[in-house]
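Colleague: Please read through the structure below; I'll follow up with questions.
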Amino acid sequence: MGLFIEKIQKAERIYVTHRELSFDYVGETNWGFAFELDENGNLDFEALELPAQENLLACFSEDNPLGVEYKGINEWEHSYWQSAIGICKHCGAEVYLSDPMDNDCECGAIYNMSGQEVRCHARDVDYLDAGEVW
Ligand SMILES: [Zn+2]
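Residues 0 to 133, numbered by numbering that gives the first Met the number 0, are exactly what the sequence shown covers, in order.
What follows is the structure, given as structure tokens:
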């Protein structure tokens, strides 16, 4: 067994909070318009597509052309598992360590999820010539 490789990203669960301004058609629930806010609770108007910009302006318009009412800020959280990334000690490429045992580098080295090398990178030319695929 080889040494552990250097990791440039650790494996961890990432939590992301989403917030959006919510407008429903009058008399309806969860049917209308929503505009995503950034992590600071700000709305980036310039980042919206043109139709979304028009809808947003209409939602805030005094004459209420869309027939909506403001419902506040919706907030929810989701999480996902982020794999560690290691630097291959043979070729320097980044290797995602997402599988328990088999994380292949483009050079042929294989690392386990902990970043420990489980097979030497040096492929035997004779095996390749014989058509054997690892
Ligand atoms: Zn490599």
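Cβ coordinates follow ideal geometry from the N, Cα and C atoms, glycine included. Being a predicted model, the structure only gives us computed values, none of them experimental.
#1: Determine, using beta carbons only, whether Ser78 and Tyr14 come nearer to each other than 8 Å.
#2: So, at 7 Å on beta carbons, what are the nonlocal neighbours of Ser82 in its own chain, with the 5 sequence-adjacent residues on each side left out?
#3: Buried or exposed: Arg18, going by 16 or more other Cβ atoms within 10 Å of its Cβ?
#4: Buried or exposed: where does Leu56 fall if 16 or more other Cβ atoms within 10 Å of its Cβ makes it buried?
#5: Express the C-alpha separation of Arg12 and Leu20 in angstroms, rounding to a whole number.
#6: Suppose the cutoff is 6 Å on Cβ atoms and the five residues either side in sequence are ignored; what does the same chain contact list for Glu105 look like?
#7: Check this for me: beta carbons of Cys109 and Gln8, under 8 Å apart or not?
#8: Restricting to Cα atoms, I'd like to know which of Ile72, Asn102, Trp80 and Pro99 is closest to Leu36.
#9: State yes or no: is the C-beta of Ala83 nearer than 7 Å to some heavy atom of ligand 1?
#10: Hey, would you say Gly107 sits closer than 8 Å to Lys6, going by beta carbons?
Modeller: Let me lay it out:
#1: Yes, the Cβ-Cβ distance between Ser78 and Tyr14 is below 8 Å.
#2: Ala10, Tyr95, Leu96 and Ser97
#3: With 16 or more other Cβ atoms within 10 Å, it is buried.
#4: exposed
#5: 27 Å
#6: Ala92
#7: First, the amino acid is wrong: residue 109 is Ile here, not Cys. In this structure, Gln8 does not lie closer than 8 Å to Ile109 by Cβ.
#8: Ile72
#9: no
#10: no
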